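Student:
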Amino acid sequence: MTRAMETMGAEFGDNLMPAVAGVNDKGFFEDLDIYAINVEILMAAGAEWHSVGPVELDRIDSDVLQRIRGKAVEVLTKKCEGRTFALKDPRIARLLPFWKSVFRSSNTMSFAAVASR
Numbered sequence: 035m036t037r038a039m040e041t042m043g044a045e046f047g048d049n050l051m052p053a054v055a056g057v058n059d060k061g062f063f064e065d066l067d068i069y070a071i072n073v074e075i076l077m078a079a080g081a082e083w084h085s086v087g088p089v090e091l092d093r094i095d096s097d098v099l100q101r102i103r104g105k106a107v108e109v110l111t112k113k114c115e116g117r118t119f120a121l122k123d124p125r126i127a128r129l130l131p132f133w134k135s136v137f138r139s140s141n142t143m144s145f146a147a148v149a150s151r
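Heads up: the sequence shown begins at 35 in this note's numbering, then just goes up one per residue.
1) Assign Phe132 to buried or exposed, taking buried as 16 or more other Cβ atoms, counted over all protein chains shown, within 10 Å of its Cβ.
2) Here's a check: name, in chain order, each residue in its chain whose Cβ is nearer than 7 angstroms to the Cβ of Tyr69, leaving out the five neighbours to either side.
3) Run through the DSSP bridge pairs and tell me what Leu76 is partnered with.
4) Taking the C-alpha atoms as reference points, what is the distance between Asn49 and Gly87?
5) What first and last residue would you give for the alpha helix (DSSP H) that runs through Pro131?
6) With a threshold of 7 angstroms on Cβ separation, who are the neighbours of Leu110 within its own chain once the five nearest residues in sequence on each side are excluded?
7) Kindly list the residues whose CB is nearer than 6 angstroms to the CB of Ala44, restricted to its own chain and excluding five residues on each side of it in sequence; keep chain order.
8) Taking the C-alpha atoms as reference points, what is the distance between Trp83 and Gly116?
9) Considering only the alpha carbon of each residue, which of Arg101, Lys60 and Cys114 lies closest to Met35?
10) Just the C-alpha distance for Asp65 and Gly104, rounded to the nearest angstrom, thanks.
11) Looking only at its chain, what residues have a beta carbon closer than 7 angstroms to the beta carbon of Ala79, apart from the 5 residues adjacent to it on each side?
Written out as C-alpha cells, the structure reads:
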C-alpha cells in the first residue's frame, strides 16, 4: 500500500524509521517524528504499544496533553506544507481521538486507508 501511495504522489517524510534486515528489509515507512509523539502520548497515558485496551487520554495531565498536541500540530503542519503527506504508524489506530483533534487544529484534510491482510 505504501508503494501505491507513493506512486500517487504521497510522501512519507524525510525522517523515516530505518529498515531492519530480516524484519522489514524495505523499511517501515513510519516517520520518526510522528512515532516519537505517539510513544510520548502512550507513556503519558500509562499505556504501551502492546498493552490491551483503550488509551485513556483523560489520564494525561491537561497541560502535558496540550503541549504534546501543540507539538503534533506543528510537526504535522510542517510535514504537510505544500505536499500530500502520508502518515503511517500502527499506533495511530489506538490514538485516533488524539490525531483527529490534531488534524482539526492544523486544518489538515485527512483520509484513512486501511489495509487488511
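Just so it is clear, CB atoms sit at the ideal spot from N, CA and C, and this is done for glycine as well.
These figures come from a predicted structure and were not determined experimentally.
Tutor: Let me lay it out:
1) Your numbering for residue 132 matches position 98 in the sequence shown. Phe132 is buried by the Cβ-count criterion.
2) For the purposes of this step, residue 69 is taken as the residue at position 35 of the sequence shown. For Tyr69, the CB contacts under 7 angstroms within the same chain, skipping 5 residues up- and downstream, are Met51 and Asp123 in chain order.
3) The sequence position of residue 76 within the sequence shown is 42, counting from 1. DSSP lists no partner for Leu76.
4) On the sequence shown, residue 49 is found 15 positions in, with the first residue counted as 1. On the sequence shown, residue 87 is found 53 positions in, with the first residue counted as 1. Rounded to whole angstroms, Asn49 to Gly87 spans 30 angstroms at the Cα level.
5) Within the sequence shown, numbered from 1, the residue matching residue 131 stands at position 97. Run containing Pro131: Leu130 to Ser139, per the alpha helix (DSSP H) assignment.
6) Taking the first residue of the sequence shown as position 1, residue 110 is located at position 76. Cβ neighbours of Leu110 beyond the five flanking positions: Val136, Ser140 and Thr142.
7) Position 10 of the sequence shown holds residue 44. Only Thr118 and Ala120 meet the Cβ criterion.
8) To locate residue 83, count along the sequence shown from 1; it is residue 49. To locate residue 116, count along the sequence shown from 1; it is residue 82. If I take the Cα positions, the gap works out to 31 angstroms.
9) For this step, residue 35 is matched to residue 1 along the sequence shown. Residue Lys60 is the option with its Cα nearest to Met35.
10) Residue mapping note: residue 65 aligns to position 31 of the sequence shown, counting from 1. Residue mapping note: residue 104 aligns to position 70 of the sequence shown, counting from 1. So the two alpha carbons sit approximately 18 angstroms from each other.
11) Residue 79 sits at position 45 when you count from the first residue of the sequence shown. Only Val89, Glu90, Leu91, Arg93 and Ile94 meet the Cβ criterion.
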